[in-house]
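**Student:** Here it is, the structure in full.
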Amino acid sequence: MNPSAIEGHLTLVLIQWMIIIAAAFGFGRLGKKFFNQPLAVGEIVAGIILGPSVLGLVWPPDWPVIFPKETQQSMQLLGKLGLIFLLFQVGMEFDYSHLRSKSKTVTMVSLLGILAPCLCGLAIGPWLHDKFAPETPRFGFQLFFCIALSISALPIMGRILLEMKLERTAVGAMAISAAAIDDVIGWLMLGVATVLTTTGFEWKPFLLQVAGIVVFYLALQKIIGPALRKLWRHRTAELEEKVMPNSYLALLLIGLFASGLITHYLGIFVIFGAFLFGTCLHQEPSLVKAWRDRFSGVVLVAFVPIFFTNTGLNTRIGSLDGATAWLACGLVLAAAVAGKLGGCFLGAKLTGSNTREAASIAALMNTRALMGLIAINVGLELKLLTPALFTMLVIMCLITTAMCGPLLRWWLPAEIKKLVPK
Numbered sequence: 011m012n013p014s015a016i017e018g019h020l021t022l023v024l025i026q027w028m029i030i031i032a033a034a035f036g037f038g039r040l041g042k043k044f045f046n047q048p049l050a051v052g053e054i055v056a057g058i059i060l061g062p063s064v065l066g067l068v069w070p071p072d073w074p075v076i077f078p079k080e081t082q083q084s085m086q087l088l089g090k091l092g093l094i095f096l097l098f099q100v101g102m103e104f105d106y107s108h109l110r111s112k113s114k115t116v117t118m119v120s121l122l123g124i125l126a127p128c129l130c131g132l133a134i135g136p137w138l139h140d141k142f143a144p145e146t147p148r149f150g151f152q153l154f155f156c157i158a159l160s161i162s163a164l165p166i167m168g169r170i171l172l173e174m175k176l177e178r179t180a181v182g183a184m185a186i187s188a189a190a191i192d193d194v195i196g197w198l199m200l201g202v203a204t205v206l207t208t209t210g211f212e213w214k215p216f217l218l219q220v221a222g223i224v225v226f227y228l229a230l231q232k233i234i235g236p237a238l239r240k241l242w243r244h245r246t247a248e249l250e251e252k253v254m255p256n257s258y259l260a261l262l263l264i265g266l267f268a269s270g271l272i273t274h275y276l277g278i279f280v281i282f283g284a285f286l287f288g289t290c291l292h293q294e295p296s297l298v299k300a301w302r303d304r305f306s307g308v309v310l311v312a313f314v315p316i317f318f319t320n321t322g323l324n325t326r327i328g329s330l331d332g333a334t335a336w337l338a339c340g341l342v343l344a345a346a347v348a349g350k351l352g353g354c355f356l357g358a359k360l361t362g363s364n365t366r367e368a369a370s371i372a373a374l375m376n377t378r379a380l381m382g383l384i385a386i387n388v389g390l391e392l393k394l395l396t397p398a399l400f401t402m403l404v405i406m407c408l409i410t411t412a413m414c415g416p417l418l419r420w421w422l423p424a425e426i427k428k429l430v431p432k
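And the structure:
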């Protein structure tokens, strides 16, 4: 690409970036102020309005001029970079000391958070297949449908907890840990499903993935994290205010990107590497604060909304046509909520959580959003989902995310509710 072409491409990217920041900021704050929604919901709605579902209906010949195809990859790259930094911060922000007495709850919530939605998916999947995708392989469709219902949205959940100041509560720590387990299982299931669809089932790659992730996690917690925390204390020992030295920042960024690359080559997404890297540093509050003070605002305002808005830009609500399609959409939503909300609530109650605590954990686990959207995009690319089914699952992801904030404000225990900003 010659210099003038690069300049032209950059100009388009900057125009889109300005539009996305303005729309995401405006709709995010409107949703938060009037509907108590997390900012991410408003940002996704902004993308839907800017995309073919709304703006495309009134401006179909010309609207791609604002969001041309040649810049889509650049915008997606910026959004994913924002998500890497967000997941790193989410991993650092959570206090996992609660889990020493709550490990049974985390295990049971994550287990039933996978099994119950899968059972609901198996119940309605055959009818959906016959009505909307009879030409697709039944087993492959059913498998991807169950994965879409069972996965949780780790990044959105983390952002909701940060916005509601719940990141260091027992509820927050248990929910984010159970979601991390569910998502790792979900991505492994996604990898297995892809292998089944394309090349036939093989156990060896699957077992190697699991072993590699376990080894990497242990290395972070037992070797890399302690070394980085010790170096931080040494470098900032004589500083009255714990600001981050540039040399330490360079080392941190190298570790962050390397962790993302490792999880990528282990077969799960780069953002999980960022999250796992963050978890090995959370015991050092001054380091967490130094990172937050230096980067949090830029990441949340400038980068992360690109990822959420791009989701809306790729959603076509008009692909649902007829009463049967909307009935099916309602069934998909009901199965998703009954499975995830009900299963996680039961898992928390069975391990000793009180009703409000269990309900709050379940409300957080019910959030699908972008992690669910990533999963269903894989199914669409493998031609296991039709456009109508894809749209149903997108709507399910958005509604389950929108439910989270109001349900949390309703169900949180009184001693935790007082921490939530009005």
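Taking the numbering used here, I'd label the letters of the sequence shown as residues 11 to 432.
Note that beta-carbon positions come from the ideal geometry of N, C-alpha and C, so glycine has one too.
1. Compare the Cα-Cα distances from Ile-54 to each of Val-23, Leu-417, Gly-89 and Ile-25 and report the closest residue.
2. Between which two residues does the alpha helix (DSSP H) containing Cys-354 stretch?
3. Between the C-alpha atoms of His-139 and Ala-126, what's the straight-line distance to the nearest angstrom?
4. Can you tell which of Ser-187, Arg-326, Leu-20 and Lys-79 has its C-alpha closest to the C-alpha of Thr-401?
5. If distances are taken between C-alpha atoms only, which option among Met-28, Phe-77 and Ile-94 comes closest to Phe-305?
6. Which term fits Gln-83, buried or exposed, when burial requires 16 or more other beta carbons within 10 angstroms of its beta carbon?
7. How would you write the range of the alpha helix (DSSP H) that Gly-41 sits in, first residue to last?
8. Report all residues from its chain with a CB closer than 8 Å to the CB of Ala-345; omit the five preceding and five following residues, and keep chain order.
9. Verify whether the separation of the beta carbon atoms of Thr-377 and Thr-411 is less than 7 Å.
10. Give me the residue from Gly-382, Pro-423, Gly-415 and Asn-387 with the minimum Cα distance to Asn-41.
11. In angstroms with no decimal places, state the Cα-to-Cα distance between Leu-230 and Pro-136.
12. Would you kindly report the start and end of the unbroken alpha helix (DSSP H) that includes His-274?
13. Whole alpha helix (DSSP H) runs in the region 84 to 146 with 4 or more residues, listed along the chain?
14. Using a threshold of 7 Å, state whether the C-beta atoms of Val-253 and Ala-188 are closer than that.
15. Mapping the DSSP letters down to three states, classify Pro-48 as helix, strand or coil.
16. Taking Met-375 and Ser-63 to be in contact with their CB atoms under 8 Å, please state how far apart those CB atoms are, rounded to whole angstroms.
17. Scan the region 148 to 197 and note each continuous alpha helix (DSSP H) run of 4 residues or more that stays entirely inside, going in chain order.
18. Can you give me the start and stop residues for the alpha helix (DSSP H) that His-244 sits inside?
19. Between the alpha carbons of Val-194 and Leu-217, how many angstroms are there, rounded?
20. Whole angstroms is fine: what's the gap from Tyr-275's alpha carbon to Lys-214's?
21. Give the range of the alpha helix (DSSP H) segment to which Ile-426 is assigned.
22. Measure the alpha-carbon distance for Gln-219 versus Lys-428 and round it to whole angstroms.
**Tutor:** The short version:
1. The sequence position of residue 54 within the sequence shown is 44, counting from 1. Taking only the C-alpha atoms, the option nearest Ile-54 is Gly-89.
2. Walking along the sequence shown from the start, residue 354 turns up at place 344. Cys-354 -> alpha helix (DSSP H) spans 333 to 360.
3. Position 129 of the sequence shown, counted from the first residue, corresponds to residue 139. Position 116 of the sequence shown, counted from the first residue, corresponds to residue 126. Straight-line Cα distance between these residues: approximately 20 Å.
4. Here residue 401 refers to the residue found at position 391 when the sequence shown is read from its first residue. Ranking Ser-187, Arg-326, Leu-20 and Lys-79 by Cα distance to Thr-401 puts Arg-326 first.
5. The count along the sequence shown starts at 1 and reaches residue 305 at position 295. The shortest C-alpha separation from Phe-305 is found at Ile-94.
6. In the sequence shown, the residue the question calls residue 83 occupies position 73. Exposed, by the Cβ-count rule.
7. As a position in the sequence shown, residue 41 is number 31, starting the count at 1. Counting along the chain, the alpha helix (DSSP H) containing Gly-41 begins and ends at 13 to 45.
8. The residue labelled residue 345 in the question sits at position 335 within the sequence shown. Cβ within range, chain order: Pro-127, Cys-130, Gly-131, Ala-133, Ile-134 and Leu-159.
9. Within the sequence shown, numbered from 1, the residue matching residue 377 stands at position 367. Within the sequence shown, numbered from 1, the residue matching residue 411 stands at position 401. Yes, these two residues count as a Cβ contact at 7 Å.
10. Numbered from 1 along the sequence shown, position 31 holds the residue referred to as residue 41. Note on identity: in this sequence residue 41 is Gly, with Asn being the wrong assignment. Among Gly-382, Pro-423, Gly-415 and Asn-387, the Cα nearest to that of Gly-41 belongs to Gly-415.
11. Position 220 of the sequence shown, counting from 1, holds the residue named residue 230. Position 126 of the sequence shown, counting from 1, holds the residue named residue 136. Cα to Cα, Leu-230 sits roughly 43 Å from Pro-136.
12. For the purposes of this step, residue 274 is identified with residue 264 of the sequence shown, where counting begins at 1. 256 to 275 is the span of the alpha helix (DSSP H), which, as asked, contains His-274.
13. 113 to 142
14. Locating residue 253 in the sequence shown gives position 243, where the first residue counts as 1. Locating residue 188 in the sequence shown gives position 178, where the first residue counts as 1. Cβ atoms of Val-253 and Ala-188: not closer than 7 Å.
15. Translated into positions along the sequence shown, residue 48 becomes position 38. Three-state DSSP puts Pro-48 in coil, outside helix and strand.
16. The count along the sequence shown starts at 1 and reaches residue 375 at position 365. The count along the sequence shown starts at 1 and reaches residue 63 at position 53. Not really, about 28 Å apart at Cβ, beyond 8 Å.
17. 148 to 160 and 164 to 173
18. Locating residue 244 in the sequence shown gives position 234, where the first residue counts as 1. Run containing His-244: 235 to 246, per the alpha helix (DSSP H) assignment.
19. Residue numbering aside, residue 194 sits at position 184 when the sequence shown is read from its first letter. Residue numbering aside, residue 217 sits at position 207 when the sequence shown is read from its first letter. Answer to the nearest angstrom: the Cα atoms are 13 Å apart.
20. Sequence index remark: in the sequence shown, residue 275 carries index 265 (1-based). Sequence index remark: in the sequence shown, residue 214 carries index 204 (1-based). Their Cα atoms are separated by approximately 15 Å.
21. Position 416 of the sequence shown holds residue 426. Its alpha helix (DSSP H) spans residues 424 to 427.
22. Locating residue 219 in the sequence shown gives position 209, where the first residue counts as 1. Locating residue 428 in the sequence shown gives position 418, where the first residue counts as 1. The alpha-carbon atoms of Gln-219 and Lys-428 are separated by roughly 42 Å.
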